[in-house]
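J.: Okay, here's the structure, questions in a sec.
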Amino acid sequence: MKFISVILLAWMSIIQAGQDIYTCKNAKINLYSSAPIEDIEANSNAGVSVYNATTGELDFSLPIRSLHFPKALMESHFNEDYMESDKYPKATFKGKLQEHPDLTKDGSYPISVTGELSVHGVNQMRTITGNLKINNGVLTMTSEFMVKCADHHIEIPQIVFHNIAQSIRIRVDATYTLYK
Amino acid sequence: MKRTIILLALLALSAGLRAQEKDVTKKSTSADSLMNAMNTDEKTGPVVIFKSSRMILSQSTETVRKKNLNFLVIHRFGDFAGSNGGGKTYFGLDAVSDVYIGFEYGLSDNLNIDIGRTTIGGLADLELKYAILRQSRDGSSPFAITLLGEAGVAPYGSYVAFSDRTAFLGQVMIARKFSPWLSLQLTPTFVRDYTSPLLYPGNQQQFFALMGMARLKLSNHMGFIIDYGHPFSSSRTTANGFYDPLGFGIEIETGGHVFTINVTNSRAVSEINYLSNTQSNYSKGQFRVGFTISRMFDFNHKENSK
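Chains as they are written, first to last, in this note's numbering: chain D, 1 to 180; chain P, 181 to 486.
The structure is reproduced here in structure tokens:
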């Protein structure tokens, strides 16, 4: 009888261990590029992310069309001409946290995530650095990194070359809560 | 007793193992399935069917967005060949058939007010354009419908009554993007043109017409356009010297600007003029080079950002 209860306890602890999944449903993404004629900026708060604290796996997904520009025409060109959003509706990141932060301790930790960034249907292995803030079981990850248009086969024709920068700055701000 | 305990223990163990197994698969796929569950399909919003509001002859179902101003210069040169063309006019480039200068302003995303003036007849026009239906990305609306109402006045020249200076046009534009490479538009049209000269007996001043237009995407920034119109008018026959307007063109979009370089037999830019009075024929060399320049200005600059 004791044997059974031991097994039951062990079994329950296994289930317990499988629960360290954190999710974020409204990650803020900011896109910015500086160019001689005009700066281009877009914002979305429709990024979704799942962080598995047990394995360190971090998944991220952003619907491209959720990025909104101040100028309607700019948004239309962004989706139709550059990102081809009907063909490639999402930008994703599938990676793994290099660090194993103790999520029970409040604080701020520098982190780096290595994995595949998929934009415009082209995958790139990237190591992206950022910051993790833990506050009472709520995780906030922030990051700032550059994406080169050429790396993801986003073509900028010569005729509009001066309007658009070759590198786009991306800012991410995601707040995660424990998934039950 | 011992045996039953062992049996029970084994059962519990296997149950535990199975649960664990399930748990493991859950762990590795749960992130994916969670991601899938959380991902909302961004299949909302309208399909952008055309890159500009003016094609060659036709207007398109696209409207200028709210607080945006589209400045238009549409130009038709002289006859390329024939008696009025050829080398002596530098293949029509020395001559001007028609120039249209106009503005389109977005009162809302779907309602535009346009003003413009064209050389032929000195026709000044005022238009209201309203997109009543957009082709939707999720397929709930398979096509777009835009209504166009146009009133024109020819202020100069001698006419008997003021009504002889007026012209009206009503259009129902129906368009669909069939694939990223092909967009089509059909436009049933009604024309009431009192300015058209009564050159011959039986000239119809009111008639129906049908326009058809296709845009083929060549690249993300370039398209090929065919634009055609046919007036259903008993007086506008080939025997009377009338021909259907037909244009071919290349559209180049450079972010804010749209250029169209085209070839048409029609001398006129205004719908009213080219539907009621195209008397030039490709086979007589009466076709011309033309262009459209569109520049978009956006007046809701900083307001919407953040």
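Beta carbons: idealized from backbone N, C-alpha and C, even for Gly.
1) Are the C-beta atoms of L237/P and some chain D residue less than 8 Å apart?
2) Report the residue from H152/D, L103/D and N123/D whose alpha carbon sits nearest the alpha carbon of T140/D.
3) So K25/D contacts chain P; which residues on that side make the cut at Cβ distance below 7 Å?
4) Give the DSSP-derived three-state secondary structure of M83/D in the structure shown.
5) Exposed or buried, T299/P, counting other C-beta atoms within 10 Å across all chains shown (16 or more means buried)?
6) Please name the residues in the stretch 74–105 of chain D whose beta-carbon is closer than 7 Å to at least one beta-carbon of chain P, in chain order.
7) For R245/P, which residues in the same chain have their Cβ closer than 7 Å to its Cβ, ignoring the five residues on either side in sequence?
8) Give me the subset of the stretch 343–367 of chain P whose CB atoms are less than 9 Å from a CB atom of chain D, sorted by chain position.
9) So is R256/P in contact with chain D if we call contact Cβ pairs under 8 Å?
10) Residues of the stretch 384–400 of chain P in Cβ contact with chain D at a cutoff of 9 Å, in chain order, please.
11) Check H515/P in the structure and name its three-state DSSP category.
12) Quick one: list the residues of chain P neighbouring V48/D, beta-carbon separation under 7 Å, in chain order.
13) Decide yes or no for the touch test of the stretch 262–271 of chain P against the stretch 406–420 of chain P: beta carbon pairs closer than 8 Å, at least 3 of them.
14) Under 7 Å between beta-carbons, which chain D residues line up against R228/P? List them in chain order, please.
15) Count the CB pairs spanning the stretch 65–85 of chain D and the stretch 96–110 of chain D that are closer than 8 Å, and state whether there are at least three.
16) Using a Cβ cut-off of 7 Å, pull out every chain D residue sitting near N292/P, in sequence order please.
17) Return helix, strand or coil for I37/D, following the three-state DSSP convention.
18) Assuming S118/D is part of the beta strand (DSSP E), what are its boundary residues?
19) In terms of residues, what are the limits of the alpha helix (DSSP H) holding M74/D?
20) At the level of alpha carbons, what is the spacing between A331/P and T346/P?
21) Taking the alpha carbon of F323/P as the reference point, which residue from D274/P, F348/P, Y336/P and E242/P has its own alpha carbon closest?
22) Under a three-way DSSP split, which group does G272/P fall into?
23) Quick one: is E201/P near chain D, going by C-beta distance under 8 Å?
24) Please go through the stretch 402–464 of chain P and give each complete beta strand (DSSP E) segment of 3 or more residues, from N-terminal end onward.
25) Taking only the alpha-carbon atoms, compute the straight-line gap between F467/P and V122/D and give it to the nearest angstrom.
26) May I ask which residues mark the beginning and end of the beta strand (DSSP E) holding G130/D?
27) Out of S338/P, Q239/P and V340/P, point me to the one whose CA is closest to I325/P's CA.
28) Since P368/P is in the beta strand (DSSP E), which residue starts that stretch and which ends it?
29) Tell me where the beta strand (DSSP E) around T92/D begins and ends.
30) Could you name the residues of the same chain whose beta carbon sits closer than 6 Å to that of R317/P, not counting the 5 residues immediately before and after it, in chain order?
31) For Q385/P and R372/P, which I take to be in contact (beta-carbon distance under 8 Å), what is that distance rounded to the nearest angstrom?
32) Hey, how far is the Cα of F283/P from the Cα of N250/P?
33) Find the residues of chain P that neighbour S61/D, judging by a C-beta separation of less than 7 Å, and give them in chain order.
34) Got a sec: which bits of the stretch 462–481 of chain P sit with their beta carbon under 9 Å from any beta carbon on chain D, in order along the chain?
35) Give me the DSSP bridge partner(s) of P63/D.
36) DSSP three-state label for A165/D, please.
T.: Looking at the coordinates:
1) Walking along the second sequence from the start, residue 237/P turns up at place 57. No, because no Cβ of chain D sits closer than 8 Å to the Cβ of L237/P.
2) Your numbering for residue 140/D matches position 140 in the first sequence. Cα-wise, what sits closest to T140/D is L103/D.
3) Translated into positions along the first sequence, residue 25/D becomes position 25. The contacting residues are M218.
4) Residue 83/D sits at position 83 when you count from the first residue of the first sequence. Of the three classes helix, strand and coil, the one that applies to M83/D here is coil, per DSSP.
5) Numbered from its first residue, the second sequence carries residue 299/P at position 119. It is buried - the Cβ of T299/P has at least 16 other Cβ atoms within 10 Å.
6) S76, H77, E80, D81, D86 and P89
7) In the second sequence, counting from the first residue as 1, residue 245/P sits at position 65. Excluding sequence neighbours, R245/P sits near G286 and D289.
8) P360
9) For the purposes of this step, residue 256/P is taken as residue 76 along the second sequence, with counting starting at 1. Not closer than 8 Å to any Cβ of chain D, the Cβ of R256/P fails to qualify, so no.
10) S399 and N400
11) For chain P, the structure presents residues 181 to 486; residue 515/P sits outside this window and is missing.
12) Along the first sequence, read from residue 1 onward, the residue named residue 48/D stands at position 48. Under the 7 Å cutoff, chain P gives M215, M218 and N219.
13) no
14) What you label residue 228/P is simply residue 48 of the second sequence in a count that begins at 1. Rather than Arg, the amino acid found at residue 228/P in this sequence is Val. Result: S76 and E80.
15) no
16) Start at 1 with the first residue of the second sequence, and residue 292/P comes out as number 112. Under the 7 Å cutoff, chain D gives no residues; its nearest Cβ is about 13 Å from N292/P.
17) The residue labelled residue 37/D in the question sits at position 37 within the first sequence. Coil, per DSSP.
18) Looking up residue 118/D in the first sequence gives position 118. From DSSP, the beta strand (DSSP E) with S118/D extends over G107 to V119.
19) Here residue 74/D refers to the residue found at position 74 when the first sequence is read from its first residue. From DSSP, the alpha helix (DSSP H) with M74/D extends over A72 to H77.
20) As a position in the second sequence, residue 331/P is number 151, starting the count at 1. As a position in the second sequence, residue 346/P is number 166, starting the count at 1. About 7 Å.
21) Mapped onto the second sequence, residue 323/P falls at position 143. Per the Cα distances, E242/P.
22) What you label residue 272/P is simply residue 92 of the second sequence in a count that begins at 1. Reduced to three states, the DSSP call for G272/P is coil.
23) Position 21 of the second sequence, counted from the first residue, corresponds to residue 201/P. Per-residue confidence for E201/P stands at a pLDDT of 45, beneath the threshold of 50, marking its modelled position as unreliable; no derived number is given.
24) 402–412, 426–433 and 437–444
25) For the purposes of this step, residue 467/P is identified with residue 287 of the second sequence, where counting begins at 1. For the purposes of this step, residue 122/D is identified with residue 122 of the first sequence, where counting begins at 1. The straight-line gap from Cα to Cα measures roughly 46 Å.
26) Residue 130/D sits at position 130 when you count from the first residue of the first sequence. Segment V122 to N135, the beta strand (DSSP E) holding G130/D.
27) Taking the second sequence and counting its residues from 1, the one referred to as residue 325/P is at position 145. Of the candidates S338/P, Q239/P and V340/P, the one whose C-alpha sits nearest the C-alpha of I325/P is Q239/P.
28) Counted from its first residue, the second sequence places residue 368/P at position 188. First-last of the beta strand (DSSP E) with P368/P: L362 to D373.
29) Within the first sequence, the letter at position 92 stands for residue 92/D. Here the beta strand (DSSP E) through T92/D covers K90 to L97.
30) For the purposes of this step, residue 317/P is taken as residue 137 along the second sequence, with counting starting at 1. Same-chain partners within the cutoff: K223, G225 and V227.
31) In the second sequence, residue 385/P corresponds to position 205, counting from 1. In the second sequence, residue 372/P corresponds to position 192, counting from 1. So it is a contact: roughly 7 Å between Cβ atoms.
32) Counting from 1 along the second sequence, the entry for residue 283/P is found at position 103. Counting from 1 along the second sequence, the entry for residue 250/P is found at position 70. The alpha-carbon atoms of F283/P and N250/P are separated by roughly 6 Å.
33) The count along the first sequence starts at 1 and reaches residue 61/D at position 61. Under the 7 Å cutoff, chain P gives M215 and N219.
34) M476, D478, N480 and H481
35) On the first sequence, position 63 is the one that residue 63/D refers to. DSSP, once it has assigned bridges, lists K90/D as partnering P63/D.
36) One-based indexing of the first sequence puts residue 165/D at position 165. DSSP places A165/D in coil when its eight states are reduced to three.
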